[in-house]
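Undergrad: Let me begin by handing over the structure; questions about it come next.
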Amino acid sequence: FGRVAAAFGLMATASAADDRWAVIAAGSSSFWNYRHQADACHAYQLMIKSGIPAEQIILMMEDDVANATENPFPGKLYNKPGDDSPDVYAGCKVDYRGSIVTADLFLKVITGDDSNLPKGGSGKVLKSTENDRVFLNFVDHGGVGIIAFPNGPYMHASDLSKGLKTMQSKKMFKELTFYMEACESGSMFPDLTKDGKIFAVTAANAQESSWGFYCSPNDIVKGKHMGSCLGDLFSIAWMEDSDAAKFSSETIKQQVTKVTARTNKSHVTTFGDLSLESETIGNFEVAEALKSSLSTEEGTGYDVRDIMLHTAYWRWVQAAEKDKAAAWNDLERIVSNRKADEELFASVTRNACGELRGCTEQMAFDKHDLKDNECHQALAKIVHEQCPKREAHNTGGWNGFNMKFSQTLVNLCESRETLKKEATALEQIVREQCQAATEEAAREQAQIIV
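17 is the number of the first residue of the sequence shown in the working numbering; add one for each residue after it.
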């Protein structure tokens, strides 16, 4: 962490420690997504150790994992396996937790808007100035042009873009670094300029998944299987990376290269003002450098889209005999939900394509860039509001698996001329298929209850 944090302006001389601000957000909920809240608390600990005052760090997350009934270590979170793995939840101060953690709250916090904040939080928002360095860190599920939050609707790339532009217009930073851990996170920064003093680093490009790490069977902490992935590959790469001895000579670009090398399952991508890459790490050194080494422990990594499936399988494998049946039912439910979502989006493309030859394959597998934000936002909203909610912790029709089909919606929007369909016609198709899928899910649930 020392090298990377320093490189991105998170570390300062002791006299300038109060010129740094940080906002950290974990956008998921439930023990299935253990890794996100572990990543977030680990990031919080590192911000504290780097010298940023606690009052200038804002952390938001559902905070339902540490004390979940499934947790083998109640009240604790671990971001890596091992007998000496530190509890990253100890001292992790959450400013906003539970149902108030939404995309809207995140935008209010980063833009310094303290009006009409939800009750139950600390009330903290960014109060940084044009002389400050700001670090933003988001970890969760994503799809092309969208990222998830544990409550309410997703955040669209166009909304994030507006938020960052508001920060610029309000002169809220000297330099801003944004680390985003999410599938297709490379699609979330389409408007960053080369001279805007915003530098974004994403776990994946705009066309691929990110990866979870330290997953079963390599999820053992202090002799116990955790039953969930402990971290995300990109996040652990930057947080475990530290080499204080090279602060004075290495550049930001060199550090990004090292994190990229470890994040070998997806393509770490950078956006925005690359002039920040030429800064030497020594420019941001703290009085007492952090001295942890890059982890060399082996870990099992999975495509984020498949983590819930793999986790359910290993839970069944490791379950006691009395719990086998319940674990198998969970596994069957997850497989069934995945098939249902695949059929849902296949039906959308079939109805949009009609008799056009080769169209359904193109809509399913092409990788169009997101340009028509208005069309995509409208379709994504319908999925959220009207498609079936597959799991109790899902906030709407989108989930960690089916967010990959956000690319399908992009393909439809960018192919309207070929399809000979207006945006309103595509909206109607998505709406009808979502409603049909919701009715089918309700029938299946009724049969289970009976």
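The C-beta atom is built at its ideal place from N, Cα and C for all residues, glycine as well. Quantities reported herein were computed from a predicted structural model and do not represent experimental measurements.
Under the three-state reduction of DSSP, which class applies to Y105: helix, strand or coil?
TA: Three-state result, Y105: coil.
Undergrad: To the nearest angstrom, report how far apart T127 and L93 are at their CA atoms.
TA: So the two alpha carbons sit approximately 30 Å from each other.
Undergrad: Would you kindly work out how many angstroms separate the C-alpha atoms of K210 and S291, rounded to a whole number?
TA: K210 and S291: Cα-Cα distance of roughly 8 Å.
Undergrad: With a threshold of 16 other CB atoms inside 10 Å of the CB of E438, please say whether the residue is buried or exposed.
TA: That one is exposed.
Undergrad: Is the beta carbon of D111 closer than 8 Å to that of K140?
TA: A contact, by the Cβ cut-off of 8 Å.
Undergrad: Which residue marks the beginning of the alpha helix (DSSP H) containing R51, and which one marks its end?
TA: From DSSP, the alpha helix (DSSP H) with R51 extends over Y50 to K65.
Undergrad: Identify the continuous alpha helix (DSSP H) that holds M255 and give its terminal residues.
TA: Note, M255: alpha helix (DSSP H), L249 to M255.
Undergrad: Could you tell me the distance, in whole angstroms, from the CA atom of V155 to the CA atom of F165?
TA: Computed Cα separation, rounded: 10 Å.
Undergrad: I need the straight-line Cα distance from T327 to D80, nearest angstrom please.
TA: Rounded to the nearest angstrom, the two C-alpha atoms are 18 Å apart.
Undergrad: Less than 6 Å between C-beta atoms, sequence neighbours within five positions excluded: which residues of the same chain meet that for D130?
TA: The answer, listed in chain order, is V141.
Undergrad: Please classify A56: is it buried, with 16 or more other beta-carbons within 10 angstroms of its beta-carbon, or exposed?
TA: The residue in question, A56, is buried, as its Cβ has 16 or more Cβ neighbours within 10 Å.
Undergrad: For D34, which three-state DSSP category applies?
TA: In the structure shown, D34 sits in a helix (DSSP, three-state: H, G or I).
Undergrad: By the DSSP assignment, the beta strand (DSSP E) with R149 in it spans what residues?
TA: Start and end: R149 to V155.
Undergrad: Report the option in A41, G247 and N153 whose CA atom is closest to the CA atom of S101.
TA: It is G247.
Undergrad: Do F151 and T193 have their CB atoms nearer than 8 Å?
TA: Taking 8 Å as the Cβ cut-off, F151 and T193 qualify as a contacting pair.
Undergrad: Per DSSP, what are the beta-bridge partners of M77 in this structure?
TA: M77 is not bridged to any residue.
Undergrad: Consider the C-beta atom of S282 and the heavy atoms of the ligand FMN; say whether any pair is separated by less than 7 Å.
TA: The model on display carries no ligand, and the ligand FMN is accordingly not part of it.
Undergrad: Given S46, which residues of its chain have a CB within under 6 Å of its CB, disregarding the five upstream and five downstream residues?
TA: Once the five neighbours on either side are set aside, the close Cβ partners of S46 are H409.
Undergrad: Can you look up E191 in the DSSP assignment and give me helix, strand or coil?
TA: Strand, per DSSP.
Undergrad: Would you report the Cα separation of K238 and V104, rounded to the nearest angstrom?
TA: Approximately 14 Å between the Cα atoms of the pair.
Undergrad: What residue does the beta strand (DSSP E) around F205 start on, and which one ends it?
TA: Here F205 belongs to no beta strand (DSSP E), and DSSP marks it neither H nor E.
Undergrad: Does D357 pass the burial test, meaning 16 or more other C-beta atoms within 10 Å, or should it be called exposed?
TA: Its Cβ being crowded by 16 or more others within 10 Å, D357 is buried.
Undergrad: Are G202 and A222 closer than 8 Å when you measure CB to CB?
TA: Yes, these two residues count as a Cβ contact at 8 Å.
Undergrad: Just the Cα atoms here: how many angstroms apart are C450 and V399?
TA: One C-alpha to the other measures close to 7 Å.
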